[in-house]
Structures are given as structure tokens and as C-alpha cells.
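J.: I'd like to ask some things about the structure below.
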Amino acid sequence: MHELGLMQNIVDTVLEYARKNSVRKVSKIVVEVGEMSGVVPEALEFCFDVCIKDTALVGAEFEIVRVSAVGKCRACGETFPLLENSFSCPTCNRAEWDLLSGRDLVIKGLEVI
Amino acid sequence: MCETCGCGEIRGLHEPETGRQRIALHEEVLSKNDRLAERNRGIFETTGVMVVNLVSSPGSGKTTLLERTIQALKEECAIGVIEGDQQTDRDSQRIAATGVSVHQINTLDACHLDAHMVRHALDSFPLRDLDLLFIENVGNLICPGAFDLGEDYRVVVVSTTEGEDKPLKYPGIFLNSQVVLVNKMDLADVLEVDVNQCLAFIKKVNPLARSLCVSAKTGTGMTEWYQWLREKMQEKRKISPLVGG
């Protein structure tokens, strides 16, 4: 349950950005959560209201974009979603791949007024 | 600059109908931890100490594994241990009894160690005199996987008492670990655990990880683990500006 600390990081980063760029009002924060990031999206969402309390972000929306863990097969080059295929290439059935996406936890962007 | 009308300094797109503007940030949430981890890595690089981040569920036998490893290697190399637990110094007392230097971090409400906590703990050690530093992370198979501490290697301990399928259920932490120790092999028969199945699952999630079957209690399979540590310490010494050459 490290989502509270991560959410606090997100809120701090956004507030800092808003201050530096003289943003009047942040209306939405969009965060990408990878399937392999070790972050539970629901837990992160739950922490949002707690972390924005008494900040300039009160009233802002929080949107999570889930990112699938995608691997690229080392044998045949096929790219495939890892979890749905139990970590094996659906084309050649080999289990040797490089991770292309799914580890990240990224503040993708903001909507400001 | 705004891509729609060229106004302002902020890059983004106007949506005139709502008065809202989209701004792309692409800021890694863990970038602060990653920066601190890089600094720790620099310290380990300069001092030549080989650092292992030991992660597992609670009760997989990390501390017992460390006790046995220290007893086996302490005559041939200088070892230090950072212990991470939410509460108590029970583990660091066990490690202190082996005669090596140890520092306990109590994370209180945190479920993992981060690079910042480790940086402060490093002040307790004469790093230049150490060959090997173990960081025993908080027992948790999820959260520690997200936090780089600056270590050279991440080693996962998974024990036979946890069944065969932990690697599939908690793939994140196995994904970027270099070694997986399957511990409590002395109990495998009693528990009727299919160890080969567990090894196959590990290979599925991380084809490049090295898996070793051990019993920290009886010593089975530990020689190979010690050999791995020796090899990696030697590699580290060679590249360190202060030690190698």
C-alpha cells in the first residue's frame, strides 16, 4: 500500500508545475498506470481526495489510463500482451521476450483552465 | 508553445469551446526516487561494495538466509546489512549476533524501502571497507518491486511454503530481479510442492533470471549461492576506481 506516497508525489509535482507556469486552475490530471508498475489503480484513486485536501487542486478530476504489459518475442518479433498470454508468445509459444511497456507510472498530462 | 494558436509558453492544445487547455507532462512519478537511487549507485560504484537488495513475502526466510550466508562468507569478505521492517529491531539483533555491522530501518507505515531511506542508512557503514552489503527489504512481494535502491542486484526469495504460483501471481517483482532463490527446499516433500513447476513459472515471467533451490536451514544448495556472490563481488571490485585496477 504505497499508493498514498505516490499520490502525494503526483500532487506535489502538479502543484509545483502549476505554480511555476502560473496556471490559474488545474481541472484534470491524467496518470498512466502500467500493469506491472506494482500500483493498484483503485488504491491510487482512493488516495487522490486525501492528498488534494486544502490544496489548489480541490475540484480537479483524476483520470487513470491503464497501460498493458506488452512484450516483444525474442524469437519471432511478435508483440503481445503478456498477462493475457501467460507470458508466452501466442505465435511461436516461446517465453523469451523483452518488455516494451507496462512498468511505468507517469503523469501524462493536465487540463487547465 | 501552444500548437493551436502559438500563444504562451505552455505546450499544448487549446479547446476553445470549453476554455480548457491540455498540457503534456510525461513526468515519471518515481523520478525522484530514481534520481536518488542513481546517486546511491554512484556511491556503490566508487566504493566498490557489491549491493544486493533482498526481497520476498514476509516469512520466506530472508533473515535466516542472511545469517547462514554471513557465517559462510564473513571470514573471506567484509559484510554489512541494512534491515528494513515496519517495526522492531528483532532482525537486526539476529544479524548483529553474527558479528557483522548492521543498521535497522523502521519504515513505520511504509511497505517498502526507498532510495532516500537507504542513503541515510549508508552513513552508518564504513563503505570503503565493505565488500558486500545486503539490504533486506520489508517483507512484501508487491511494493518493493517499484523502488530502485541503487543496488547491483535484486534477489527474490520465494519459499516452498508459498506454493508454486507466486511468480505468476506477483510477476512485477520477479520481472526485474536477477536471481530467484527457492528457499525451504527441506520442506518441499512434506508440502507436496512441485518445485519444477515453480521454476517453470519463474522462467516464464523472467527468462533471464537465475534460479537456485536452497534451504537456508539445512544448507542445501547454498554453495552455488555463495559462488554467485563471490563472482559478482570480484566483478565489482574490478570496475571500482578505489579498489580495482
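Protein sequences appear in the order of chains A and B. For the first sequence, the residue numbers in my numbering are 1 to 113. For the second sequence, the residue numbers in my numbering are 114 to 358. We put the CB at the ideal spot given by N, CA and C, even for glycine.
1) According to DSSP, is His-233/B helix, strand or coil?
2) Between the Cα of Val-231/B and those of Ile-195/B, Leu-138/B, Val-295/B, Glu-275/B, spot the shortest distance and give me the residue it belongs to.
3) Below 8 Å CB to CB, which residues in the same chain sit around Leu-325/B once its five sequence neighbours on both sides are set aside?
4) When you check each C-beta in the stretch 308–330 of chain B against every C-beta of chain A, which residues fall closer than 7 Å?
5) Within the same chain, show all residues whose beta-carbon is closer than 6 Å to that of Thr-91/A, passing over the 5 residues directly before and after it, in chain order.
6) Among Asp-261/B, Leu-304/B, Lys-316/B, Asp-299/B, which one has its Cα closest to the Cα of Phe-287/B?
7) Could you pull out every residue in the same chain whose Cβ sits closer than 7 Å to the Cβ of Val-40/A, ignoring the five residues on either side in sequence?
8) For a cutoff of 8 Å on Cβ pairs, would you count Leu-143/B as touching chain A?
9) Scan the stretch 192–250 of chain B and note each continuous beta strand (DSSP E) run of 3 residues or more that stays entirely inside, going in chain order.
10) What did DSSP end up calling Lys-72/A once you bin it into helix, strand or coil?
11) Enumerated in chain order, which unbroken segments of the alpha helix (DSSP H) with a length of 4 residues or greater are wholly contained in the stretch 247–283 of chain B?
12) For a contact meaning CB atoms closer than 7 Å, what does Glu-96/A contact in chain B?
13) Just confirm the distance between the C-beta atoms of Met-275/B and Leu-179/B, as a whole number of angstroms; I'd bet it's less than 8 Å.
14) Could you tell me whether the Cβ of Thr-91/A comes closer than 8 Å to any Cβ of chain B?
15) Please decide whether Ile-10/A counts as near chain B, where near means a Cβ-Cβ distance under 8 Å.
T.: The structure says:
1) His-233/B: helix per DSSP, three-state reduction.
2) For Val-231/B, the nearest C-alpha among the options comes from Ile-195/B.
3) Sequence-distant Cβ neighbours of Leu-325/B in its own chain, meaning closer than 8 Å and more than five residues away, are Val-292, Val-293, Leu-294, Val-295, Gly-334, Glu-337, Trp-338, Trp-341.
4) Flagged, chain order: Lys-316, Lys-317, Val-318, Pro-320.
5) Same-chain partners within the cutoff: Cys-76, Glu-78.
6) Of all alpha-carbon atoms in Asp-261/B, Leu-304/B, Lys-316/B, Asp-299/B, the one lying nearest the alpha-carbon of Phe-287/B is that of Lys-316/B.
7) So the list reads Glu-3, once near-sequence residues are dropped.
8) Using a CB distance cut-off of 8 Å, Leu-143/B counts as an interface residue toward chain A.
9) Entirely contained in the stretch 192–250 of chain B, the beta strand (DSSP E) runs reaching 3 residues are, in chain order, 192–198, 214–219, 245–249.
10) Residue state, collapsed to three classes: strand.
11) Listed in chain order, they are 279–282.
12) Identification of chain B residues near Glu-96/A by a Cβ-Cβ cut-off of 7 Å yields Pro-320, ordered along the chain.
13) Before going further, note that residue 275/B is Glu rather than Met in the sequence given. Actually they are not in contact, since the Cβ atoms of Glu-275/B and Leu-179/B sit about 19 Å apart, beyond 8 Å.
14) False, the Cβ-Cβ gap to chain B never drops below 8 Å.
15) Judged by the 8 Å Cβ criterion, Ile-10/A is in contact with chain B.
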